[in-house]
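Some notes on the structure that comes next.
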Amino acid sequence: MGEQIPDRYQLQPLHSDSVPWRGQPGQQVLWIGCSDSGCDELESLSLPSDEIFEYRSLGNMMVDDLSCNTTLRYALDSLKIRNIVICGHYGCHIANGEVNSGLQKPWSSILDTLRSTHHHTLDSLTGNKRDRALVELNVLEQVHSLSQSAEAADALQKDQLSIWGMVYDKASKTGYQLVEA
40 MGEQIPDRYQ LQPLHSDSVP WRGQPGQQVL WIGCSDSGCD ELESLSLPSD EIFEYRSLGN
100 MMVDDLSCNT TLRYALDSLK IRNIVICGHY GCHIANGEVN SGLQKPWSSI LDTLRSTHHH
160 TLDSLTGNKR DRALVELNVL EQVHSLSQSA EAADALQKDQ LSIWGMVYDK ASKTGYQLVE
220 A
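All you need for my numbering is the position in the sequence shown, starting with 1, plus 39.
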């Protein structure tokens, strides 16, 4: 697991029988994952492909662009999706402790802000622990950001939507739900 920030969040291991967003059979989930994750988190958690509407982006980030906005609107309005999962993964080449000079705005700005906001915690960590903590913080940031979008905020206010944050550890093939403290 990553180096949790105990006063900010906890990591709870997930198993295929304990996935909180698996409600009624046939209810689809919008899965927002990272474009470099390798996609095996869905298989490892035994999530049926017919229940997943999958969207992949750099660092599992939902930025204000046509692709993200259209995906979200289609998922909520047309598919009537009521659960969104934002899934980061350890070993991410995009969301890691070091600045990626090839990453452009707005993605780089999101990560730069996270590094700046949490620099005291991140600076106390090194290497893998620092990278893992940034992945976790990025997922939480994406959950908050998506919650504030016009499309999601309305559905959240009406109790018609839940947004879940999780990270996936490829090495152990384990998912962890991020639960804010």
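Cβ atoms here follow ideal geometry from the backbone N, Cα and C, with glycine treated the same way. In this text, all values refer to a predicted model and were calculated from it rather than measured experimentally.
Next item on the list: With DSSP collapsed to three states, give me the class of residue 40.
Entry: Confidence at residue 40 is low in this model, with a pLDDT of 44, below 50, so the placement of that residue is unreliable and no value is reported for it.
Margin query: Looking at the secondary structure, which residues open and close the beta strand (DSSP E) in which residue 49 lies?
Written below: 48-53
Margin query: Please state whether the Cβ-Cβ distance between residue 185 and residue 115 is less than 9 Å.
Written below: no
Check: What is the DSSP secondary structure of residue 124, counted as helix, strand or coil?
Finding: strand
Notebook entry, point to check: So what does residue 149 bridge to, in DSSP terms?
Noted result: DSSP, once it has assigned bridges, lists no residue as partnering residue 149.
Margin query: Is the beta carbon of residue 132 closer than 9 Å to that of residue 206?
Written below: no
Next item on the list: Decide if the region 174-185 is in contact with the region 87-105; the criterion is three or more beta carbon pairs, one per stretch, under 8 Å apart.
Entry: yes
Notebook entry, point to check: Going by Cα to Cα distance, which pick from 193, 192, 188, 154 is closest to residue 175?
Noted result: 154
Next item on the list: Out of 192, 198, 149, 159, point me to the one whose CA is closest to residue 179's CA.
Entry: 149
Notebook entry, point to check: Terminal residues of the continuous alpha helix (DSSP H) containing residue 165?
Noted result: It is not in any alpha helix (DSSP H) - residue 165 carries neither H nor E in the DSSP assignment.
Check: What does DSSP give as the partner residues of residue 95 in its beta bridges?
Finding: 72
Note to self: For residue 188 and residue 164, I'd like the C-alpha separation in whole angstroms.
What the structure shows: 32 Å
Checklist line | Beta-carbon spacing of residue 67, residue 120 below 9 Å | finding: yes
Notebook entry, point to check: By DSSP, does residue 196 sit in helix, in strand, or in coil?
Noted result: helix
Notebook entry, point to check: So who's on the other strand from residue 217, going by DSSP bridges?
Noted result: 50
Note to self: Once the 5 residues before and after residue 53 are set aside, which same chain residues still bring their CB inside 6 Å of it?
What the structure shows: 214, 216
Checklist line | Simplified DSSP state of residue 206, which is helix, strand or coil | finding: strand
Note to self: Looking at the secondary structure, which residues open and close the alpha helix (DSSP H) in which residue 80 lies?
What the structure shows: 79-83
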